[in-house]
Structure formats: C-alpha cells, structure tokens
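Structure record follows, encoded as structure tokens.
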Amino acid sequence: MGRGTALQAGLTLAGLVGFGLLSACNSTDAPARHSRLLGFKAAFIAEQGDEAALRPKGVARKLRTGAIEVKPVHDILYISLPRHVNACGQYEGNIAISWDTIYLRYVDVSDVACASGRIDQLTYLVDNPKHKRYKVVFRN
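Note that this note's numbering numbers the sequence shown so that position 45 is 1233, with each residue one more than the last.
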C-alpha cells in the first residue's frame, strides 16, 4: 500500500468514526412507542387564554375538569382530551399500560421552551383486542 492510499484509508476511517460519534450525540433517547398504541395525533385548538375559541367546543370545561373522552370502537379504544402545553415545544405521544390503567403521555422532545402556551387536542388509538375496561389517566 502506497503512502497516499494509507493516508486516504486513515482519513476515511477517521471520518467514519467522527460521523458515528456525531450521530450518537444527536440521537434522542425518546422511548419507543408502545406496541398497543396504534396511532396518535395532536391538533392545535387555540392559544392559551383565547377563551372565545374554547367556549363553543366546551374545551374550557374539559380543561378545568381534566375530562378524558374514552370510546370503544370494536377492538380499539379512541381516547381524546385537550391539554395545555408550551407553545414552542415539540411533543410526542405515547402510552404505558399497567394492570387496569392506561397512562397517557405527551412528552416535550425538544429543548425549546418559551413563555407562551397553547392548547392541543390529543387523540390516542389503543389496541384493545380483549375489550378490557381500563381506567385512563394522563401522566406527563
């Protein structure tokens, strides 16, 4: 192997190692999506404090009471709720299941935060092949 070829091989190896380290530093440690979570959607409803937008839909009452809507549809649970969140954050939905309880999660996966807030409508579709009755709790 000539001197130029050895240098190229060394630079290529150093580049690959550097790229691997960079990729490892940029990876997120977000937990994997639960296998029974079939789908998740978050939709913007209103800016925090925009009471006029919340009243017609009954969202203000749902936020105050912490109401969670749960509807069984065949072997799927449709779960929906409004939630106050930071307006600048980026979020991912997930669930955890323990015995008779489904814990809803909506985690900020960004490092960005600001002073303003928004209200999102969260919808979770959960596989329920045994038609089991669950308590549903939101836990951040």
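Cβ coordinates follow ideal geometry from the N, Cα and C atoms, glycine included.
Problem set entry | Nearest-angstrom beta carbon gap, Y1294 and R1271 [assumed within contact, 8 angstroms] | 6 angstroms
Rounded straight-line distance, which links the Cα of L1265 to that of V1297: 25 angstroms
inquiry  = Please report the straight-line C-alpha distance between R1273 and Y1312, rounded to a whole angstrom.
reply    = According to the sequence provided, residue 1273 is Val. The question's Arg does not apply to it. When rounded, the distance between both Cα atoms is 17 angstroms.
What residue ranges within the stretch 1216-1287 form continuous beta strand (DSSP E) runs of no fewer than 3 residues, ordered along the chain?
-> 1225-1235, 1257-1261, 1264-1274 and 1279-1286
Span of the beta strand (DSSP E) around R1306
G1305 to D1315
Is the Cβ-Cβ distance between D1288 and R1249 less than 9 angstroms? no
Exercise. What distance in whole Å lies between the Cβ atoms of G1305 and A1275, which are believed to be in contact at a cut-off of 8 angstroms?
Worked result: 5 angstroms
Q) Quick one: what's R1327 bridged to in DSSP? A) Its beta-bridge partners do not exist; DSSP assigns none.
* With 16 other Cβ atoms within 10 Å as the buried cut-off, status of D1308 -> buried
* To do: May I have the straight-line CA-CA distance separating V1258 from D1315, to the nearest angstrom?
  => 13 angstroms
Just verifying my parser: in three-state terms, what is the DSSP assignment at D1299? coil
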